[in-house]
Amino acid sequence: MANILVVEDDEIMLKAIKNILSKDGYNVILAKNGKEAFDKLEHADYDLVLSDLMMPYANGLEVISRLRNDPAKKHVSIIIVSSVGNEETITEAFRLGADDYLKKPIMAGELLIRIRKLLANRTVRHSL
Amino acid sequence: MEAIRNFFSGGSFWDVVGTFYQGAVFLYGTSLLLAYAMLAAMSLISIRNYMKKNASVNYEVIVESPLAPGISVIAPAFNEGVTIIQNVRSLLTLNYPKFEVIIINDGSTDDTLEKLIDEFQMIQVDYAYRQKLNCEPVKRVFKSTNHAYDKLMVIDKVNGKSKADASNAGINVSTYEYFLCTDVDCILDKDTLIKLIKPFMDQETTKIKEIGDPCPECGYVHIQEVHKRVIATGATLRMVNSCEVDEGLLTRVRPPVRFLPRFQEMEYIRAFVLGKMGWDLINSVPNVSGGLGMFDKEIAVMAGGYDPKSFGEDMDLITRMCAFMKDNKRRYSIRYVPITLCWTEGPTTLKVFGRQRSRWARGLAQIMTTHRKIIGNPRYGRLGMIVYIYNFLFELLAPIIEFTGILFYIYLIITGQINWPFAIILIVFVYTYSVAITTMALLWDQVTFKYYKTWKEVIGLCMMAFLEPFVYHPLIVFFSIKGYFNFITGRKHVWGNMQRQGFGTAQKKKP
Amino acid sequence: MWKDLSDLLWQAYEQFGFLPLFIQIALIFIGLAILATLVAYGSILFRRWQGYVYEKRVNFITPKIEDMITEQVLLNEQLGSVPVDDIEFDPVPLSDKIYKKPWVRQIVIDVLIQYRKNFRGEVGDLLRKLYIDMGLPKDSFDKMKTLKWERKIKAVMELTQMDIPISDVTILPLTNSQNPSLRAAARNAYIQLSKNDPFKFFDIATEPLLPWDQLDMFRIITTTKDIQIPNFSRWVSYSTNKSVVSFCLKLIAHYDQKSAIPAVMDLLNNKDHYFRADAITCLGKLSAEMAEVRLVKIYDHQPLICQIEILRAVGQIASGKYLEFLKHEFSYSSNFDIRMNAARAIINHDSDESRVIVNELMNTTYEENRIIIKHCLNPLIK
């Protein structure tokens, strides 16, 4: 099953997302801040990264830019989950290469569908 | 009882002078102590008000709101090459939706600028720079080509030998309506911007009153602002010396282990709790410290920005902003937040510490002279009648009076005129009182937030109150007098860069 | 030395009546200061001990509560297959003795609110159902009855966050309370919870709407589902409360209510500069082409803040009719900010015509203006 890295500084949300995704059979790895995220990205391969925007050490935008500028990790799908509703920030996230943006509060069902869809698209792209 | 008679029945001229002096000093001392007691009471009220009011505030709402006002974070850097990258990174991760970080490379002679350009993929841009406030010329402006660092701007300017000069350049290029002034080596709490912008947004928005008939030139009735405008906010500072810091992020708060910075921590807490929160209650905050303060840019620019020649540029700016508001018959307020949002490196050697304190004292003397027309001037309201009178009497004169007091005591001892029992009672009085006030300030501070993990650390800090009158306080008096002396003789010294280099090397030594 | 000192103080105490006044005062203060120091130490230690005990309890109980919520809500098997209202919780964990203690119930409420901030949809609804099934609304309503305003606020916020209706009789008087924090909380509750006419209090609001309150209110208005969005021009025309009007301007811009343009244009006659500036900003965001003529016409008589807003608005409307006007302002104004905003407005047009003008200006104008154009064209500078 797909490996998903969840980056989020709110512990409640972190645990909740882990539970929801694990229930659907994904292999979930957690990171509490930008530094941990970079660390974990270094040491394993992921299919999808679910990231918050505002967190200590490095923000979500940096996570996106780091992934997109690394040829080895360019293919990783990125979904931003954040409470930031400021249009400029959202545009910025997409401009840097995020695949999707969910604004908190999120719907658990929607999150799962979007993840499934992104991963499915990716497999298609890969097999082409 | 013979002693008392001796004390009061002196005959000669010098005895009269002595008696008069003693009476005056006693009066001065009592009013100072009363003022402290009053401040302690006022600060307790304003801290409790703040805590009550903010317990239910949902601070996250501003993070997601498109209505959040923009804030420019201005941080001058001079030869900070060793730590610049992680400090800038930590500034970029502040919790706020709409802000920019402006780093002013104040003519560094090390690789500060190169490091920034490398790390954040910056390139020089054509920036339409306009000099609203005086400062040394800006040579180049850099922006990042990586959109993840859109918030960052670096400007390279000719060294102006002062933080004020560099800050002015930062204000000149800033785009938002509020700005936060800080030092690049300060460690900020991630919610700093949210907590400091809140008081600005707790005031009624622009409200006006019309005056007179329509103006013949423009056809509009002239107006006057009648709402109270918040022009600046500040928060508590603490020592970072023994805290655990990981890549610009504070992971564990601890009072400094070494004595000199620990004294400073105690002093800072007391100054912020009593000096700022107390005055906050009656809207008479004298100063927003240079380490951390947020300002209304429009007012700060109209008041003329920082004065590069001032030795106390932070208080100088606040004074001019207040005076500007008063001169234009507008109402203002300055708000303080009783939560520590900024951790700064306190000097650890007596040499650097002494230089810092002499500079502060010199700054105070300078401010009191340049703004002398404000002292006791009812036209300036609280600024003139409360802030300046208090600062003149109890901040500026205190070291002088204490110093002459000690000389007088020595004179009495030498000439054998001293009434030992009374003298000792008075000393015990002053001592116990100062310990009590400091301990109370530390208690108030603990009310707002449990900063330290163990009670031993708190007690360790409280113990400083007992030692302070013997060790730390005489040092402060000495350095203040030295500062006044420098002020009077007008001795020039290049404090600016030397001092910051001092900080820099202190930090470099840290593992 | 200590003995001498205490002997001295003791003697002074015995002869207190004979001593001069200032020594008497000093002695009294010595006593007071020692007392104050001891009390301060006592309370520091006591508070820390209290905090320590509470923290320990919270740390012990919170994971349990989180597990319970995860079990009952997040991982609920019926979620998705059964309508939320029909989902039954497992009664065994919920009837645990521990959930009878008031302080535990408070923590449950706080944790539930944390989850609600992160989840909406079915999970959010199920969290709400858990709150109701555990009988927690009663805890919140009880808090509402106290006299302490800070507790009232907490109650109002809990009920709002959990979407529990509060009767108009209870909440409406609070919307004009003298206490700004309570007032704000009550207003937000009213908007979110009143199903028939959530904006009624705009009509009766006499107290100002502080900028911070506007944040909260804006979030609630834009995120509450099934809220009826009225035409905000109603209050722009009739409200006498300026802060309500300026808030409505922001809402009009957000919902792009073009029908409000005439009402907003009426504000251009208002005498308050700041107010006019807000109205102009709003017209710009609405891309109100019909207002353009009027804006350019009044331009010359406006103070600087309004002039800059007009330039921005013309740039946003971007009809192309006033490029000459912008070009004129850019070339001849002596004010830097005006030139800057005029340049931006021209570039914002982003049409063939505007690009021609930009090129032409680049070739003809003097150095400082050229840098302004370069500055505005650079995508790296915002």
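Each protein sequence line maps, in turn, to chains U, B and L.
For the first sequence, my numbering gives the first residue as 1, with consecutive numbering after it.
For the second sequence, my numbering gives the first residue as 129, with consecutive numbering after it.
For the third sequence, my numbering gives the first residue as 640, with consecutive numbering after it.
Backbone N, C-alpha and C define an ideal beta-carbon position, used for all residues, glycine too.
This structure is a prediction, so every number in the text was calculated from the model and none was measured.
Looking at B/S290 and B/W572, is the spacing between their C-beta atoms short of 8 Å?
For the purposes of this step, residue 572 of chain B is taken as residue 444 along the second sequence, with counting starting at 1. For the purposes of this step, residue 290 of chain B is taken as residue 162 along the second sequence, with counting starting at 1. Their beta carbons are not under 8 Å apart, which means B/W572 does not touch B/S290 by this criterion.
Take L/L798 and list the residues in its own chain whose beta-carbon comes closer than 6 Å to its own, dropping the five residues that flank it on each side.
By 1-based counting over the third sequence, the position of residue 798 of chain L is 159. Within the same chain, L/L798 has close Cβ partners S779, I805.
I'd like the list of long-range same chain contacts for B/S137, defined as Cβ closer than 8 Å, with 5 residues on each side in sequence excluded.
To locate residue 137 of chain B, count along the second sequence from 1; it is residue 9. Any reading at B/S137 needs caution, since the residue's pLDDT is 48, under 50, leaving its predicted position unreliable; the model's value is listed next. So the list is empty, once near-sequence residues are dropped.
Cut-off 6 Å between Cβ atoms - residues of its own chain near B/Y600, not counting five sequence neighbours on either side:
Working through the second sequence from its first residue, we reach residue 600 of chain B at position 472. Excluding five sequence positions before and after B/Y600, the CB atoms of its chain that fall closer than 6 Å to its own CB belong to F391, given in chain order.
CB contact below 8 Å: U/A31 versus chain L:
Numbered from its first residue, the first sequence carries residue 31 of chain U at position 31. So, not an interface residue.
Pull out every residue of the segment 778 to 812 of chain L whose Cβ sits closer than 7 Å to any Cβ of chain B, in chain order.
Residues E789, I792, K793, M796.
L/I1012: first and last residue of the uninterrupted alpha helix (DSSP H) it sits in:
In the third sequence, residue 1012 of chain L corresponds to position 373, counting from 1. 1006 to 1016 is the span of the alpha helix (DSSP H), which, as asked, contains L/I1012.
Would you mind telling me which residues of chain B sit closer than 8 Å to L/S682, beta carbon to beta carbon, in chain order?
Position 43 of the third sequence, counting from 1, holds the residue named residue 682 of chain L. What L/S682 touches in chain B: L571.
Please report the straight-line C-alpha distance between B/E375 and B/S218, rounded to a whole angstrom.
What you label residue 375 of chain B is simply residue 247 of the second sequence in a count that begins at 1. What you label residue 218 of chain B is simply residue 90 of the second sequence in a count that begins at 1. Looking at the two C-alpha atoms, the distance is approximately 7 Å.
Is DSSP giving B/F439 helix, strand or coil here?
Looking up residue 439 of chain B in the second sequence gives position 311. B/F439 falls in the coil class under three-state DSSP.
Could you spell out where the beta strand (DSSP E) holding L/V721 opens and where it closes?
Residue 721 of chain L sits at position 82 when you count from the first residue of the third sequence. Unbroken run through L/V721: none, as it is neither H nor E.
Where does L/C945 sit, in a helix, a strand or coil, going by DSSP?
Position 306 of the third sequence, counted from the start, is the residue given in the question as residue 945 of chain L. Of the three classes helix, strand and coil, the one that applies to L/C945 here is helix, per DSSP.
Provide the residue(s) that pair with B/T472 in DSSP beta bridges, ordered along the chain.
For this step, residue 472 of chain B is matched to residue 344 along the second sequence. Partner(s): B/M367.
Chain-ordered residues of the segment 847 to 870 of chain L with a beta carbon less than 7 Å from chain B:
P847, L849, P850, W851, Q853, L854, D855, F857, R858
When we look at the beta-carbon of L/Q896 and count the other beta-carbons within 10 Å, is it buried (16 or more) or exposed?
Residue mapping note: residue 896 of chain L aligns to position 257 of the third sequence, counting from 1. It counts as buried.
N- and C-terminal bounds of the beta strand (DSSP E) containing B/M422:
The residue given as residue 422 of chain B occupies position 294 in the second sequence. Segment 420 to 424, the beta strand (DSSP E) holding B/M422.
Is it true that the CB of B/I232 sits closer than 8 Å to the CB of B/G298?
Counting from 1 along the second sequence, the entry for residue 298 of chain B is found at position 170. Counting from 1 along the second sequence, the entry for residue 232 of chain B is found at position 104. A contact, by the Cβ cut-off of 8 Å.
Going along the segment 35 to 59 of chain U in order, which residues come within less than 8 Å of chain B, judged by CB to CB distance?
K35, M54, M55, P56, Y57, A58, N59
Where B/V216 meets chain U, residues with beta-carbon distance less than 7 Å:
Here residue 216 of chain B is taken as the residue at index 88 of the second sequence, counted from 1. Neighbours of B/V216 on chain U: none; closest Cβ ~12 Å, over 7 Å.
Counting only the same chain and skipping the five closest in sequence on each side, list residues whose C-beta sits under 8 Å from that of B/V301.
On the second sequence, position 173 is the one that residue 301 of chain B refers to. Cβ neighbours of B/V301 within its own chain (closer than 8 Å, five residues either side excluded): I230, Y255, Y257, V266, V269, M281, I283.
Within the segment 517 to 571 of chain B, ranges of the beta strand (DSSP E) (whole runs, at least 3 residues)
none
Within-8 Å CB hit, L/A828 to chain B:
Within the third sequence, residue 828 of chain L is the residue found at index 189, counting from 1. Chain B, which has no Cβ nearer than 8 Å to the Cβ of L/A828, makes this no.
Supposed close pair B/I213, B/A205 - CB separation, criterion 8 Å
As a working mapping, residue 213 of chain B is identified with position 85 in the second sequence. As a working mapping, residue 205 of chain B is identified with position 77 in the second sequence. B/I213 to B/A205, Cβ: 11 Å. No contact.
Helix, strand or coil for B/G509, going by three-state DSSP, please let me know.
As a first step, residue 509 of chain B is located in the second sequence; it is residue number 381 there, counting from the start. Helix.
Once you ignore the five residues that flank B/F615 on each side, which residues in its own chain have a CB closer than 7 Å to its CB?
As a position in the second sequence, residue 615 of chain B is number 487, starting the count at 1. Same-chain partners within the cutoff: R490, A493, Q494.
Sorted by chain position, which residues of the same chain lie with C-beta nearer than 7 Å to L/P942's C-beta, five sequence neighbours on each side aside?
What you label residue 942 of chain L is simply residue 303 of the third sequence in a count that begins at 1. Closer than 7 Å at the Cβ level, and outside the excluded window around L/P942, lie H912.
Measuring only the C-alpha atoms, how far is B/L478 from U/G34?
One-based indexing of the second sequence puts residue 478 of chain B at position 350. One-based indexing of the first sequence puts residue 34 of chain U at position 34. So the alpha carbons of these two residues sit roughly 39 Å apart.
With which residues is B/Q252 paired in a DSSP beta bridge?
By 1-based counting over the second sequence, the position of residue 252 of chain B is 124. According to DSSP, B/Q252 shares a beta bridge with B/F270.
Starting from the C-beta of B/I322, find all residues in its chain whose C-beta is less than 8 Å away, skip the five residues before and the five after it, and write them out in chain order.
Translated into the one-based positions of the second sequence, residue 322 of chain B becomes position 194. The residues are Y187, I190, V191, N223, Y224.
Counted within 10 angstroms of its Cβ, other Cβ atoms place U/G25 as buried (16 or more) or exposed:
If you number the first sequence from 1, residue 25 of chain U lands on position 25. Burial call: exposed.
Taking the alpha-carbon of L/H1014 as reference, which of L/I996, L/T1003, L/P741, L/I986 has the nearest alpha-carbon?
The count along the third sequence starts at 1 and reaches residue 1014 of chain L at position 375. Per the Cα distances, L/I986.
To the nearest angstrom, report how far apart B/R628 and B/R380 are at their CA atoms.
Taking the second sequence and counting its residues from 1, the one referred to as residue 628 of chain B is at position 500. Taking the second sequence and counting its residues from 1, the one referred to as residue 380 of chain B is at position 252. Bear in mind that a pLDDT of 39 at B/R628, under 50, signals an unreliable position, so the model cannot answer this.
How would you list, in chain order, the residues of chain U whose beta-carbon sits under 8 Å from the beta-carbon of B/T320?
Position 192 of the second sequence, counting from 1, holds the residue named residue 320 of chain B. Annotation: B/T320 has no Cβ neighbours in chain U at a cutoff of 8 Å; minimum Cβ distance is about 13 Å.
So what's U/L53 in DSSP terms, helix, strand or just coil?
Working through the first sequence from its first residue, we reach residue 53 of chain U at position 53. Of the three classes helix, strand and coil, the one that applies to U/L53 here is coil, per DSSP.
Using beta carbons (cut-off 8 Å, strictly below), is U/V81 in contact with chain B?
As a first step, residue 81 of chain U must be located in the first sequence, where it is residue number 81. Chain B contact via Cβ: absent.
is_contact[U/I64, chain B] using C-beta, thresh 8 Å:
As a working mapping, residue 64 of chain U is identified with position 64 in the first sequence. Between U/I64 and chain B, the shortest Cβ-Cβ separation is below 8 Å.
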